[in-house]
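All remarks here apply to the structure that follows.
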Amino acid sequence: MKERKSKFLNSSQIELKNTYTPSDLPDQNFSDNLGDPGEYPFTRGVQPNMYRGRFWTMRQYAGFGSAKESNERYKMLMEKGTTGLSVAFDLPTQMGYDSDHIMSTGEVGKVGVAVSSIEDMEILFDGLPLGDISTSMTINSTAGILLALYIAVAKRRGIDPKKLRGTIQNDLLKEYIARGTYIYPPKPSLRLITDIFDYCSKEVPEWNTISISGYHIREAGSTAAQELAFTLANGMTYVQAAIDKGLDVNLFGKRLSFFFNVHNNFFEEVAKFRAARRMWAHIMKERFGATDPKAMKLRFHSQVAGSTLTAQQPENNIVRVAYQAMASVMGGTQSLHTNSMDEALGLPTEKSATIALRTQQILAEETGVPDVVDPLAGSYYVESLTNDLEKKALDLIERIETQGGVVTCIESGWIQSEIQNAAYQFQKNLEGGSEIVVGVNKYVLENEPPFETLKVSEAVANEQIARLKKFKSGRNADEVASELAKITDAAKSGANLMPHFVSAVEKHVTLGEISDALRGVFGKFQEKITL
0 MKERKSKFLN
10 SSQIELKNTY
20 TPSDLPDQNF
30 SDNLGDPGEY
40 PFTRGVQPNM
50 YRGRFWTMRQ
60 YAGFGSAKES
70 NERYKMLMEK
80 GTTGLSVAFD
90 LPTQMGYDSD
100 HIMSTGEVGK
110 VGVAVSSIED
120 MEILFDGLPL
130 GDISTSMTIN
140 STAGILLALY
150 IAVAKRRGID
160 PKKLRGTIQN
170 DLLKEYIARG
180 TYIYPPKPSL
190 RLITDIFDYC
200 SKEVPEWNTI
210 SISGYHIREA
220 GSTAAQELAF
230 TLANGMTYVQ
240 AAIDKGLDVN
250 LFGKRLSFFF
260 NVHNNFFEEV
270 AKFRAARRMW
280 AHIMKERFGA
290 TDPKAMKLRF
300 HSQVAGSTLT
310 AQQPENNIVR
320 VAYQAMASVM
330 GGTQSLHTNS
340 MDEALGLPTE
350 KSATIALRTQ
360 QILAEETGVP
370 DVVDPLAGSY
380 YVESLTNDLE
390 KKALDLIERI
400 ETQGGVVTCI
410 ESGWIQSEIQ
420 NAAYQFQKNL
430 EGGSEIVVGV
440 NKYVLENEPP
450 FETLKVSEAV
460 ANEQIARLKK
470 FKSGRNADEV
480 ASELAKITDA
490 AKSGANLMPH
500 FVSAVEKHVT
510 LGEISDALRG
520 VFGKFQEKIT
530 L
């Protein structure tokens, strides 16, 4: 019988053996490397009982069109059992433009919800119990402003900000590396991030102030080892910036969180999560001197891989999502978003979003997977793969540090080039047939039936712009000008910007106006193009 392949490699170019034995775990203190669940170095999980205590948070990412439409989707998801909100913002909101700005033309409400003002934020969370739920916001360059809007809405409702729970992504380094929704250069962006760390440690202590994201690095085409290395290297950069500002690693370290992709290679993904926890524990303890075990824990949200979803035979995506979700849970995630089957074609319909949520609920309630902590621990294959991924990732981190650190490697284009090369190699393998995607280059259907998708009406943008202009016309112009002047002065002086953001949005200053004030001080980042 002809062999399938002459060589088996995973995404990180680790050659896989036919069989794994105890000899594949040489020269290591096995019990020390593993530890017990909930104990340093957290290889087996950050809690001793993991999902026996409670399931992971089922946090379905949603947002489109107007704040009202998105609010209706959140209420539908909560009625069907989602346990945490996750907000997607449109591109103008992410890039610091109000909906009525010329740069927003054609993009208002298209890939997320449009939020320019406190009025938008009030509508977005109308009828939702902000004091009781956990809210995640996928926002970066304007993260501080969106958090300020959320705090201001809570205060209007009489909710103490100290009771608010949630996460802002707030990870600018990966924007330069992989995603592109940056505004300011890296150094002022790092300053904004540490301002949020400092402010929230006092005013919103239950809030996760950053979600250090490997997700978009993987979506851009990286390998699992690159995702692991570049994400943790970014995390190290944020920690060092906070320490340099005089913040206590044992305090802000407890509010750091991470965000990882879950790709198709099941065992590689499980091993990646286990390696990430162990690496971060060592980094926080040995490099940064953390003494509180809670500051050494790598807690992470995960999302199944959008880049693996196919427009061809979209129902196949339900199966991909289910396998990826299981890898995430077996790897010990704290919260999970499952993509909808139609996301390669357009925004998720209500039906497809419900199926994605039900995928998590079936995994939780029917499979028995959550009943045991780290069920693959001790597998010769999984432990060997965990070690291999850790070694590859550490080698990449060393290369970054040799070149002067993450910011230098971003400015030179080296990290971006590494990801581009990996993406190019994958595409070559796909076109050459050594990489199989079912329905795309194997088991193809000649005549596929049409698939219904959700489309955002152009009327949404017109209504949003008209409402925003009315909102602006009803403000006290002197108050707006005064608040913007205070933000400009604080940006120049180095004072913490977050209190000024909260005060400004309460006085009806908009997201775009605050962003423009900061652009005037910090300037805009221009990417170096690498070929």
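Position 292, counted from 1, in the sequence shown is what numbering that gives the first Met the number 0 calls 291; the numbers after and before it change by one each time, with no gaps. We put the CB at the ideal spot given by N, CA and C, even for glycine. Please read all numbers here as calculations on a predicted model, not as lab measurements.
Which residues DSSP lists as bridging residue i, in chain order
i    : result
A61  : V86
L346 : L453
Q302 : N260 and H336
N207 : T166
V112 : G64 and F88
L255 : I209
L76  : In DSSP, L76 forms no bridge with anything.
L8   : E14
Which of helix, strand or coil DSSP assigns to residue i
i    : result
R518 : helix
R164 : strand
F425 : helix
M136 : strand
Q333 : coil
V368 : helix
S200 : helix
T56  : strand
V405 : helix
L15  : coil
S212 : strand
K441 : strand
Q525 : coil
L171 : coil
Q312 : coil
G126 : coil
N70  : helix
M0   : At M0 the pLDDT is 49, less than 50, meaning the model places this residue with poor confidence; the figure from the coordinates comes in the next sentence. In the structure shown, M0 sits in coil (DSSP, three-state: anything other than H, G, I, E or B).
Y181 : coil
M497 : helix
Q46  : coil
I464 : helix
N475 : coil
L510 : helix
Buried or exposed by the 16-neighbour rule on C-beta atoms within 10 Å, applied to residue i
i    : result
N461 : exposed
M0   : Residue confidence is low: M0 scores 49 on pLDDT, short of 50, so the model does not pin down where it sits. Its coordinate-derived value is still stated next. M0 should be labelled exposed.
Y198 : buried
F259 : buried
L346 : buried
P40  : buried
M102 : exposed
Y423 : exposed
L8   : exposed
T332 : buried
G64  : buried
Q225 : buried
R155 : exposed
S11  : buried
G511 : buried
N70  : buried
I361 : exposed
L444 : exposed
E218 : buried
Y181 : buried
G111 : buried
G473 : exposed
S456 : exposed
G165 : buried
P128 : exposed
P91  : buried
R53  : exposed
Close-in-space but distant-in-sequence residues of the same chain around residue i (CB under 7 Å, 5 per side omitted)
i    : result
G37  : G44, V45, Q46 and P47
S334 : W55, T56, R58, G83 and H300
Residues of its chain near residue i, where Cβ-Cβ distance is below 8 Å and the 5 sequence neighbours each way are ignored
i    : result
E268 : A223, V261, H262, Q323, A326, S327 and G330
P21  : Y379
N495 : D194, D197, Y198 and A489
P160 : I150, A153, K154, E202 and V203
I464 : S98, D99 and V107
Beta-carbon contacts of residue i that lie in its chain and below 6 Å, excluding the five residues immediately before and after
i    : result
L250 : S200
I144 : F500, L510 and I513
I13  : D387
L148 : I117, M120 and V504
Whole-angstrom C-beta distance between residue j and residue i, which should lie under 8 Å
i    : j    : result
M283 : A294 : 6 Å
A376 : L24  : Between L24 and A376 the Cβ distance is about 12 Å, and since that is not below 8 Å, they are no contact.
K271 : L227 : 6 Å
K173 : I216 : 6 Å
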